[in-house]
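Working notes, structure below.
2 protein chains.
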Amino acid sequence: MSEIFKNHIEKFIKINVKEFEDIFSFFQLQQVRKKENVLVEGNVCKYHYFVLKGCLRKFFLTEKGTEQTTEFAIETWWMTDHISYERRLPSEFFIQAVENTEVLRIDSHSQEELLKAFPKMERYFRFIYQRAFAASQMRIKYLYDLSKEDFFQHFNKLYPEFVQRIPQHLIASFLGFTPEYLSEIRKRSHS
Amino acid sequence: MSEIFKNHIEKFIKINVKEFEDIFSFFQLQQVRKKENVLVEGNVCKYHYFVLKGCLRKFFLTEKGTEQTTEFAIETWWMTDHISYERRLPSEFFIQAVENTEVLRIDSHSQEELLKAFPKMERYFRFIYQRAFAASQMRIKYLYDLSKEDFFQHFNKLYPEFVQRIPQHLIASFLGFTPEYLSEIRKRSHS
Numbered sequence: 025m026s027e028i029f030k031n032h033i034e035k036f037i038k039i040n041v042k043e044f045e046d047i048f049s050f051f052q053l054q055q056v057r058k059k060e061n062v063l064v065e066g067n068v069c070k071y072h073y074f075v076l077k078g079c080l081r082k083f084f085l086t087e088k089g090t091e092q093t094t095e096f097a098i099e100t101w102w103m104t105d106h107i108s109y110e111r112r113l114p115s116e117f118f119i120q121a122v123e124n125t126e127v128l129r130i131d132s133h134s135q136e137e138l139l140k141a142f143p144k145m146e147r148y149f150r151f152i153y154q155r156a157f158a159a160s161q162m163r164i165k166y167l168y169d170l171s172k173e174d175f176f177q178h179f180n181k182l183y184p185e186f187v188q189r190i191p192q193h194l195i196a197s198f199l200g201f202t203p204e205y206l207s208e209i210r211k212r213s214h215s
Numbered sequence: 025m026s027e028i029f030k031n032h033i034e035k036f037i038k039i040n041v042k043e044f045e046d047i048f049s050f051f052q053l054q055q056v057r058k059k060e061n062v063l064v065e066g067n068v069c070k071y072h073y074f075v076l077k078g079c080l081r082k083f084f085l086t087e088k089g090t091e092q093t094t095e096f097a098i099e100t101w102w103m104t105d106h107i108s109y110e111r112r113l114p115s116e117f118f119i120q121a122v123e124n125t126e127v128l129r130i131d132s133h134s135q136e137e138l139l140k141a142f143p144k145m146e147r148y149f150r151f152i153y154q155r156a157f158a159a160s161q162m163r164i165k166y167l168y169d170l171s172k173e174d175f176f177q178h179f180n181k182l183y184p185e186f187v188q189r190i191p192q193h194l195i196a197s198f199l200g201f202t203p204e205y206l207s208e209i210r211k212r213s214h215s
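Protein chains in written order, with my numbering: chain A, 25 to 215; chain B, 25 to 215.
See the structure below:
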């Protein structure tokens, strides 16, 4: 399983076997059962998660009490509530496993120690954050620009396996509409 | 003016005078007149901008032809269209000066050279992207969660000088409503 993480790091920087072993020692492996929460609103988000297998989602409870999903993370994606994680503030989010999931986790103190011990990991994380930020800029544009239906079509085109894999009510929650409406759109787009 | 940039870098990493001079040599200074575009939709966004003085905004044209502002950058903030800048793709955005503005700019090739020459700048940019990503995650939550009026109140509370400084029609464009509606909300919140 640690090969997945090593391969991901090597997409961005060169590391040897010994370095990877040392880097890996900063992380803990965690198994998360389907629907288990690794973060609950009101708690500090202690960890930054790297998904080895499975899928996490981040959501918050709206005033009406419904779950609004804002983010998914599948294999090789990172997830945390950054503001809570960095500033140790109570989180406004939940992080929950969509499937049985295996993650690597690191706390913010250890991440800082890791970066001190291996400055080359600054480059790795710089790429991770840079790409995440670029994607979120487009996301913000779509939230302003696209109708909910167009957003779904766009999402479906970009990430077809993702839309097949994730339960429909969670896709609906991410896109901000009801499962019934999603089902209607899917029927229309197939006809 | 270059002191602003040096001070900003020193918030995150230590550099000496000689190092800063070398780092600074990767950048070009540019004066941008109020309402001048440094990026036009359809062109590749060649530069990453650091604002020394003034204010930039990023916007796109909606299908109805109105300008939807998605981002502002004032002193010490960075701005670019990341996807266009990194992958050299045509941009879907405009970047325009809100006031007479002075920026440092760097192209993506030079930024990569800078990072090779000064690996410690990886740490600086890692912080820049990390913070930008954290802010955009909260932004996405607000876009889902808050009514337009609540979003304005929140924004006004967090950035009061900003709301005073930026022309009202641009604040309205950022928040996604008409200047008339903004004026109404402001009256209500003062009464």
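Glycine included, each C-beta is placed from N, C-alpha and C at the ideal position.
For this session: Could you pull out every unbroken alpha helix (DSSP H) segment of at least 4 residues lying fully inside the segment 98-130 of chain A, listed in chain order?
Result: 106-111
For this session: Assuming A/F96 and A/R112 form a contact by the criterion Cβ under 8 Å, report the distance between their Cβ atoms to the nearest whole angstrom.
Result: Not really, about 25 Å apart at Cβ, beyond 8 Å.
For this session: Tell me, please, whether the segment 177-185 of chain B touches the segment 145-165 of chain B by the rule of three or more beta-carbon pairs shorter than 8 Å.
Result: no
For this session: Can you have a look at B/D105 and say buried or exposed, based on whether 16 or more other CB atoms are within 10 angstroms of its CB?
Result: buried
For this session: State buried or exposed for B/T94, treating a residue as buried only when at least 16 other CB atoms are found within 10 Å of its CB.
Result: buried
Exercise. Sorted by chain position, which residues of the same chain lie with C-beta nearer than 7 Å to B/I195's C-beta, five sequence neighbours on each side aside?
Worked result: V187 and L206
For this session: Use the C-beta contact count for B/T90: other C-beta atoms within 10 angstroms, 16 or more gives buried, fewer gives exposed.
Result: exposed
Exercise. Can you list, in chain order, the residues of its chain whose CB lies under 6 Å from that of B/Q54, leaving out five sequence neighbours each side?
Worked result: V127 and R129
Problem set entry | A/K59 (DSSP reduced to helix, strand or coil) | coil
For this session: Indicate the three-state DSSP secondary structure (helix, strand or coil) for B/K77 in the structure shown.
Result: strand
For this session: Closer than 8 Å, Cβ to Cβ, to anything on chain B: give me those residues from the segment 196-207 of chain A, in chain order.
Result: G200
Exercise. Should A/Q7 and B/S160 be called a contact, given that it needs their Cβ atoms to be closer than 8 Å?
Worked result: With chain A covering 25 to 215 only, the question about residue 7 of chain A has no answer from this structure.
Exercise. Chain A beta carbons: is any one of them nearer than 8 Å to that of B/M25?
Worked result: no
Exercise. Quick one: any contact between the segment 26-41 of chain B and the segment 129-141 of chain B, if contact means 3 or more CB pairs under 8 Å?
Worked result: no
Problem set entry | A/G78 burial status per 10 Å Cβ neighbour count (16 or more: buried) | buried
Problem set entry | Environment of B/H72 [buried if 16+ CB atoms lie within 10 Å] | buried
For this session: Give every residue of the same chain whose Cβ lies closer than 6 Å to the Cβ of A/Y166, excluding the five residues on either side of it in the sequence, and list them in chain order.
Result: F175
Problem set entry | Bridge-paired residues (DSSP) for A/F142 | None; A/F142 has no bridge partner.
Exercise. In this structure, what does DSSP give as the bridge partners for A/F29?
Worked result: For A/F29, which the question treats as bridged, DSSP gives no partner whatsoever.
For this session: Determine which residues of the segment 148-180 of chain A have a Cβ less than 7 Å from any Cβ of chain B, and write them out in chain order.
Result: F149, R150, Y153, Q154, A156, F157, A158, S160, Q161, M162, R163, I164, K165, L167, Y168 and D169
Exercise. Excluding sequence positions up to five away, which residues of its chain have a Cβ less than 6 Å from the Cβ of A/I119?
Worked result: V62, L63, L80 and K82
For this session: Let me know the secondary structure DSSP gives A/L6 once reduced to three states.
Result: Shown here, chain A extends from 25 to 215; a query on residue 6 of chain A therefore has no answer.
Exercise. Should B/N124 and B/R189 be called a contact, given that it needs their Cβ atoms to be closer than 8 Å?
Worked result: no
For this session: Report buried or exposed for B/V41, applying the criterion of at least 16 other Cβ atoms within 10 angstroms of its Cβ.
Result: exposed
Exercise. When DSSP labels each residue in this structure, what does B/K82 get in the three-state scheme?
Worked result: strand
For this session: Using 10 angstroms around the beta-carbon of A/E146, count the other beta-carbons present and answer buried if the total reaches 16, otherwise exposed.
Result: buried
For this session: Let me know if B/S108 comes out buried or exposed under the rule of 16 or more other beta-carbons within 10 Å of its beta-carbon.
Result: buried
Exercise. Which residues share a DSSP beta bridge with B/T93?
Worked result: B/F83
Exercise. Does DSSP put B/V64 in a helix, in a strand, or in coil?
Worked result: coil
For this session: Just the C-alpha distance for A/H193 and A/R212, rounded to the nearest angstrom, thanks.
Result: 18 Å
Problem set entry | Per-residue burial, B/Q154 [other beta carbons within 10 Å of its own, 16 or more giving buried] | buried
For this session: Could you tell me which residues DSSP pairs with B/Y205 in its beta bridges?
Result: The partner list for B/Y205 (beta bridge, DSSP) is empty, contrary to what the question assumes.
Exercise. In chain order, what residues of the segment 89-107 of chain B put their CB closer than 7 Å to some CB of chain A?
Worked result: Q92, T94, H106 and I107
Exercise. CA-CA distance, B/F51 and B/H32?
Worked result: 15 Å
For this session: Run the CB neighbour count on A/S49, radius 10 Å, all protein chains shown included, and call it buried at 16 or more, exposed below.
Result: exposed
Exercise. Mapping DSSP to helix, strand and coil, what is B/L53?
Worked result: strand
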